[in-house]
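**Q**
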Amino acid sequence: MFTAYATVPQGYTVHSAATPMSFPAGEAHVKVDGSPDETPLYLYLTGADANEYMSAAMWIDYAHQGGHKVQAMIPYLPGARQDRGIPFGAKVYANLINAMNADEVVCFDPHSPVMPALVRNLRVVDSSAVIAQVLRNKAGEYAGVICPDAGAKERTARTAAALGLPLYSAEKHRDFATGKLSAFTCEELPAEGRFLVVDDICDGGGTFMGLAAATGLGPDRLDLWVSHGVFSGKAAQLRQAYGSIYTTDSHPGAANPDVAASVTPLISHLI
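In this text, residue positions in the sequence shown follow the numbering used here: the first is 763, and each later residue adds one.
This is the structure we're talking about:
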């Protein structure tokens, strides 16, 4: 989803008067009603729909033709998980973002360092400070943070430090030929207390269901934070394993009412 913002002479930040449209032949465009006296500021783009990215590029061109510099806030980098193999999806999506020609691109908790290195004028916002703010009134309820796999080690270490909690590690095995997950393990956890599992993306939820089973704990002792909630397929079953599920509005899937208990709007954290 693409939403653009601007300021008006009264000092307010409002939705931009330049709104997306498509010509009958299918080309993306933005339509300006009248002659708005606005200063374009930034756009907020979620999900991975290439048509939305084309509309965003048109809005950026509209802003530049008016002499304005603008940010493209793209918290969920599409293609970030396609950071290896053929085709090299991370590079393809990075090229698409670069072609938008934003003066600054802002992302949130990228999957790996690969795609951020390919995007020009990129600023990365780490998840740990956001998690600490969102859970500031609940941090005292947790006995620790659980890292779901080796790829999340640095992310969860920063989160544990921000919350002032110990870090516990789990592992999993993925068959890259089939995509199937197996062999979940978790180091021994304290006998009492709640634990927060932290990761960047939740798609179908298989990783987190396997991890919950490996801990032997139930929803009375497990909560989950995922920065980007895709919540596809059987993700709703996560409610059977986790008491509270936290995410952000970085992906349209976060709106799935059967999964997340709390969705944090990110714009104020990215500006």
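Beta carbons: idealized from backbone N, C-alpha and C, even for Gly.
Rounded to whole angstroms, how far is the Cβ of residue 883 from the Cβ of residue 867, which I believe are closer than 8 Å?
**A** Here residue 883 corresponds to residue number 121 of the sequence shown, with the count starting at 1. Here residue 867 corresponds to residue number 105 of the sequence shown, with the count starting at 1. So it is a contact: roughly 6 Å between Cβ atoms.
**Q** If you run the structure through DSSP and keep just helix, strand and coil, what is residue 992?
**A** Here the question's residue 992 lines up with position 230 in the sequence shown. Coil, per DSSP.
**Q** Is it right to say residue 946 is buried, meaning 16 or more other beta carbons lie within 10 angstroms of its own, or is it exposed?
**A** What you label residue 946 is simply residue 184 of the sequence shown in a count that begins at 1. Its Cβ being crowded by 16 or more others within 10 Å, residue 946 is buried.
**Q** When you compare the region 843 to 850 with the region 885 to 897, are there three or more beta-carbon pairs, one atom per stretch, that lie closer than 8 Å?
**A** No: the two stretches stay apart, fewer than three of their Cβ pairs being nearer than 8 Å.
**Q** Under the rule that 16 or more other beta-carbon atoms within 10 Å means buried, what is residue 774, buried or exposed?
**A** Taking the sequence shown and counting its residues from 1, one reaches residue 774 at position 12. Label assigned to residue 774: exposed.
**Q** Nearest-angstrom Cα distance between residue 987 and residue 794?
**A** The count along the sequence shown starts at 1 and reaches residue 987 at position 225. The count along the sequence shown starts at 1 and reaches residue 794 at position 32. Going from the Cα of residue 987 to the Cα of residue 794 covers about 39 Å.
**Q** Pull the bridge partners of residue 906 from the DSSP assignment, please.
**A** As a working note, residue 906 is residue 144 in the sequence shown. According to DSSP, residue 906 bridges with 957.
**Q** Evaluate the contact criterion for the region 798 to 813 versus the region 999 to 1019: three or more CB pairs, one atom per stretch, below 8 Å.
**A** Because the criterion of three Cβ pairs below 8 Å is met, the region 798 to 813 and the region 999 to 1019 touch.
**Q** Say whether the region 904 to 914 touches the region 995 to 1004, bearing in mind that this needs 3 or more beta-carbon pairs closer than 8 Å, one atom from each stretch.
**A** Cβ pair count under 8 Å is below three, so no.
**Q** Would you identify the three-state DSSP class for residue 808, choosing helix, strand or coil?
**A** Along the sequence shown, read from residue 1 onward, the residue named residue 808 stands at position 46. In this structure, residue 808 counts as coil in the three-state DSSP scheme.
**Q** When you compare the region 948 to 967 with the region 910 to 926, are there three or more beta-carbon pairs, one atom per stretch, that lie closer than 8 Å?
**A** Segments in contact, yes.
**Q** Just checking my contact of residue 734 with residue 1022 at CB under 8 Å: how many whole Å lie between their CB atoms?
**A** Only positions 763 to 1033 of the chain appear in the structure, and residue 734 is not among them; the question remains open.
**Q** CB-CB under 8 Å to residue 779, same chain, minus the five flanking residues each way: which ones, in chain order?
**A** Within the sequence shown, residue 779 is the residue found at index 17, counting from 1. So the qualifying residues of the chain are 768, 794, 795, 796, 798, 800.
**Q** Helix or strand or just coil, what does DSSP make of residue 856?
**A** Taking the first residue of the sequence shown as 1, we reach residue 856 at position 94. Looking at residue 856 - three-state DSSP - the assignment turns out to be helix.
**Q** From which residue to which residue does the beta strand (DSSP E) around residue 1007 run?
**A** Stepping through the sequence shown from its first residue, residue 1007 is reached at position 245. Per DSSP, residue 1007 belongs to the beta strand (DSSP E) from 1007 to 1010.
**Q** Looking at the unbroken alpha helix (DSSP H) that takes in residue 884, where does it start and where does it end?
**A** Position 122 of the sequence shown, counting from 1, holds the residue named residue 884. Careful: residue 884 lies outside any alpha helix (DSSP H), inside the beta strand (DSSP E) at 884 to 887.
**Q** Would you kindly work out how many angstroms separate the C-alpha atoms of residue 766 and residue 891, rounded to a whole number?
**A** To locate residue 766, count along the sequence shown from 1; it is residue 4. To locate residue 891, count along the sequence shown from 1; it is residue 129. Whole-angstrom Cα-Cα distance: 25 Å.
**Q** Return the CA-CA distance between residue 860 and residue 979, expressed in angstroms with no decimal places.
**A** Within the sequence shown, numbered from 1, the residue matching residue 860 stands at position 98. Within the sequence shown, numbered from 1, the residue matching residue 979 stands at position 217. Residue 860 and residue 979: Cα-Cα distance of roughly 44 Å.
**Q** How would you write the range of the alpha helix (DSSP H) that residue 915 sits in, first residue to last?
**A** Locating residue 915 in the sequence shown gives position 153, counting from the first residue. It spans 915 to 925 - the alpha helix (DSSP H) in which residue 915 sits, taken as one unbroken run.
**Q** Could you say which of 881, 933, 1005, 1027 lies nearest to residue 855 if we only look at CA atoms?
**A** Stepping through the sequence shown from its first residue, residue 855 is reached at position 93. Nearest of 881, 933, 1005, 1027 to residue 855, Cα basis: 881.
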